[in-house]
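Novice:
2 protein chains.
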Amino acid sequence: MCELLGMSANVPTDICFSFTGLMQRGGKTGPHRDGWGIAFYEGRGVREFKDPHPGAESQIARLVSEYPIKSHIVISHIRQANSGKVCLENTHPFTRELWGRPWVFAHNGQLNKSKLRRLKESGRPFYSPIGTTDSELAFCWILDSLRSAFPNPPRRQKDLFLVIRSLCDQLSDFGVFNMLLSDSHFMLAYCRTQLCWITRKAPFGEAKLKDEDLTVNFKEETTEKDIVTVVATQPLTNNEKWNVMAPGEMVVLKKGKVNLSVGKQSNKSKIGV
Amino acid sequence: MCELLGMSANVPTDICFSFTGLMQRGGKTGPHRDGWGIAFYEGRGVREFKDPHPGAESQIARLVSEYPIKSHIVISHIRQANSGKVCLENTHPFTRELWGRPWVFAHNGQLNKSKLRRLKESGRPFYSPIGTTDSELAFCWILDSLRSAFPNPPRRQKDLFLVIRSLCDQLSDFGVFNMLLSDSHFMLAYCRTQLCWITRKAPFGEAKLKDEDLTVNFKEETTEKDIVTVVATQPLTNNEKWNVMAPGEMVVLKKGKVNLSVGKQSNKSKIGV
């Protein structure tokens, strides 16, 4: 299994604090030794750092922890390999372009690969995996399906979210599927087994990392108008209240807020604010 | 205009020395202040670093200069913007996936954007630019054309090279077009106005950077079997003999060697070893 970390902010914000906590789980306080990666959106562009080596020992991870790269959307992942060998092309997050937007995806869980392969081959194959993980294959299938459903980006964003939610539900039938996905405008978090989030805004307080002896006083680091939401597999701090997502829940994050929960009701998908 | 730097090696090799020289031209000994980027292939995977800030002042560029990332193919670029504002999404190199391979592209020159746009719109649009440069648009058109010509990778690699060469010739009609392109197996260098290369192999000697007071004795850094070719807009060292490419010349680099020159003869393309 792996761990996910995502951030959405209304102003470009660095993720040094949370990333430092996550990296400790990459071979020090956690067993996720098989690589790590992080993607930072800056406007429409993406900046990516990844390494198939343990995050806790990586020189590049140290740079990212110490160098405040400001971003409005971040997706990060540490890997404990279960499908696909440990190498750069199997390291999350994965990136592809659709509609002139850079899509970034990271997955926690494990999917039945032969079922997934059959599903992928049944559609119009536009995207092909570079590596051999179930995760990249699932990502390629999601984008194939979106491209087929919407040759151009749909006018109503909710239509897009509903299709993505139904694709995630289908993937969940093949195993454990928790994911973070972004197109540079929004970030989606889909939870099947484990994902939680916290929104930080004024009045800001102190936060204390679980995995490292590090405390930050966000009051000193922020302005009154800043709003930041952090999503993670497990809470990263031990003195704050994190919202635990329900199995099958999908949330949309925009400008730091969880502003839309694409939930399930009986057999019909429902979008509720 | 911009500057290009590429490397092909038969064993994973670091490019710290040449990259250090190039970065000085990013705002110190040269005017290319509008960003820099570098892509390292490791197996089928790619690791990318880019920054819309001057290379000579970039903390990430310093890490790349000092941290020996070993790779068999590297493509790097420093930018002096002429088309598209200075921002992350306009920073070379650009990456897209085709046939399950990560393609990386960097361009030096300037192309007529309205002619290029008409050309792009006349084909089957698979790839869309994320930023606003002529370069990314040209790259998307190249990949659109390859995907149309070869739904699957062609069996004879020479067929692929001939098509790419003819696409480059077409782009050259729109302005200045020097480029580096790779799919993880080979690297192509196409020269319209300015590009040169050097192959280093045993017996290795000393090399002295033009742009920085730095000398390296490759004898101490290599084994007898190592073969490395470096391609650059201008020679990076001042005590070695670089091969200057002819206008309209394209070379294929594989495992450190320039092993194929896809040349022009009268009106027909010709491949000569």
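First to last, the protein sequences are chains W and L.
Quick note, the first sequence lines up with residues 1 to 273 if you use my numbering.
Quick note, the second sequence lines up with residues 1001 to 1273 if you use my numbering.
For glycine and all other residues, C-beta sits at the position ideal for the given N, C-alpha and C.
1) For the region 1121-1135 of chain L, which residues have a beta carbon sitting closer than 9 Å to at least one beta carbon of chain W?
2) Note down the Cα distance separating R96/W from P1129/L, rounded to an integer number of angstroms.
3) To which residues does DSSP link D51/W through a beta bridge?
4) Could you give the distance in angstroms between the alpha-carbon of I1164/L and the alpha-carbon of L1195/L?
5) By Cβ distance below 6 Å, which residues in the same chain neighbour F126/W in space, the five residues on each side in sequence not counted?
6) Rounded to whole angstroms, what is the Cα-Cα separation between D169/W and M250/W?
7) What are the residues that DSSP puts in a beta bridge with K201/W?
8) Who pairs with V1046/L in a beta bridge, going by DSSP?
9) Excluding the 5 residues flanking L98/W on each side, which residues of the same chain have their C-beta closer than 7 Å to its C-beta?
10) Determine which residues of the region 1070-1088 of chain L have a Cβ less than 8 Å from any Cβ of chain W, and write them out in chain order.
11) Thinking C-beta only, is A189/W closer than 8 Å to T237/W?
12) So, do the region 242-249 of chain W and the region 50-70 of chain W have three or more beta carbon pairs nearer to each other than 8 Å?
13) Cβ closer than 7 Å: which chain W residues qualify as neighbours of K1050/L?
14) Quickly, what does DSSP pair I1073/L with across the bridge? List them, please.
15) Roughly how many whole angstroms lie between the Cα atoms of M1187/L and S166/W?
16) Output, in sequence order along the chain, the residues in the region 1096-1110 of chain L whose CB is closer than 7 Å to any CB in chain W.
17) What three-state label does DSSP hand C1191/L in the structure shown?
18) Which residue's Cα is closest to the Cα of A1202/L: C1191/L, K1210/L, N1217/L and R1192/L?
19) So L63/W contacts chain L; which residues on that side make the cut at Cβ distance below 8 Å?
20) Residues of chain L with CB under 7 Å from G43/W, in chain order?
21) What is the DSSP secondary structure of R96/W, reduced to helix, strand or coil?
22) What does Y67/W reach in chain L if we use C-beta pairs closer than 8 Å?
23) Examine the Cβ distances between the region 1003-1021 of chain L and the region 215-232 of chain W and report whether three or more of them are shorter than 8 Å.
24) Have a look at E1057/L, C1016/L, D1173/L and Q1157/L and flag the residue whose alpha-carbon is nearest the alpha-carbon of N1259/L.
25) Does the region 78-98 of chain W come into contact with the region 1078-1094 of chain L, if we say contact requires no fewer than three beta-carbon pairs (one atom in each stretch) closer than 8 Å?
26) Below 8 Å on the Cβ atoms is my guess for L180/W versus I15/W; work out the distance and round it to an integer in Å.
Specialist: Inspection of the coordinates gives the following:
1) F1126, Y1127, S1128, P1129, I1130 and G1131
2) Here residue 96/W refers to the residue found at position 96 of the first sequence. Here residue 1129/L refers to the residue found at position 129 of the second sequence. When rounded, the distance between both Cα atoms is 12 Å.
3) Sequence index remark: in the first sequence, residue 51/W carries index 51 (1-based). Paired residue(s): W36/W.
4) Within the second sequence, the letter at position 164 stands for residue 1164/L. Within the second sequence, the letter at position 195 stands for residue 1195/L. Their backbone Cα atoms lie some 17 Å apart in a straight line.
5) Position 126 of the first sequence, counted from the start, is the residue given in the question as residue 126/W. Here the set comprises D144 and R147.
6) The sequence position of residue 169/W within the first sequence is 169, counting from 1. The sequence position of residue 250/W within the first sequence is 250, counting from 1. One C-alpha to the other measures close to 10 Å.
7) Position 201 of the first sequence, counted from the start, is the residue given in the question as residue 201/W. Beta-bridge pairing links K201/W to I227/W.
8) Position 46 of the second sequence holds residue 1046/L. Answer is Y1041/L, bridged to V1046/L.
9) The residue given as residue 98/W occupies position 98 in the first sequence. Excluding positions up to five away in sequence, the list reads L143, L146 and R147.
10) C1087 and L1088
11) Working through the first sequence from its first residue, we reach residue 237/W at position 237. Working through the first sequence from its first residue, we reach residue 189/W at position 189. No; because the gap between Cβ atoms is not below 8 Å, this pair is not in contact.
12) no
13) Within the second sequence, numbered from 1, the residue matching residue 1050/L stands at position 50. What K1050/L touches in chain W: R47.
14) One-based indexing of the second sequence puts residue 1073/L at position 73. Its beta-bridge partners are S1008/L and Y1041/L.
15) Here residue 1187/L corresponds to residue number 187 of the second sequence, with the count starting at 1. Here residue 166/W corresponds to residue number 166 of the first sequence, with the count starting at 1. If you take the alpha carbons of M1187/L and S166/W, they lie about 41 Å apart.
16) R1096, E1097, W1099, G1100, R1101 and P1102
17) For this step, residue 1191/L is matched to residue 191 along the second sequence. It is a strand residue.
18) The count along the second sequence starts at 1 and reaches residue 1202/L at position 202. Here the closest residue by C-alpha is N1217/L.
19) Counted from its first residue, the first sequence places residue 63/W at position 63. Near L63/W (Cβ distances below 8 Å), the residues of chain L are Q1059, I1060 and L1063.
20) By one-based count along the first sequence, residue 43/W stands at place 43. Going along chain L in sequence order, the residues near G43/W (Cβ under 7 Å) are C1087, L1088 and E1089.
21) The sequence position of residue 96/W within the first sequence is 96, counting from 1. Strand, per DSSP.
22) Taking the first sequence and counting its residues from 1, the one referred to as residue 67/W is at position 67. Correct list: Q1059 and I1060.
23) no
24) Sequence index remark: in the second sequence, residue 1259/L carries index 259 (1-based). When each option's Cα is compared against that of N1259/L, the closest is Q1157/L.
25) no
26) By 1-based counting over the first sequence, the position of residue 180/W is 180. By 1-based counting over the first sequence, the position of residue 15/W is 15. Not really, about 13 Å apart at Cβ, beyond 8 Å.
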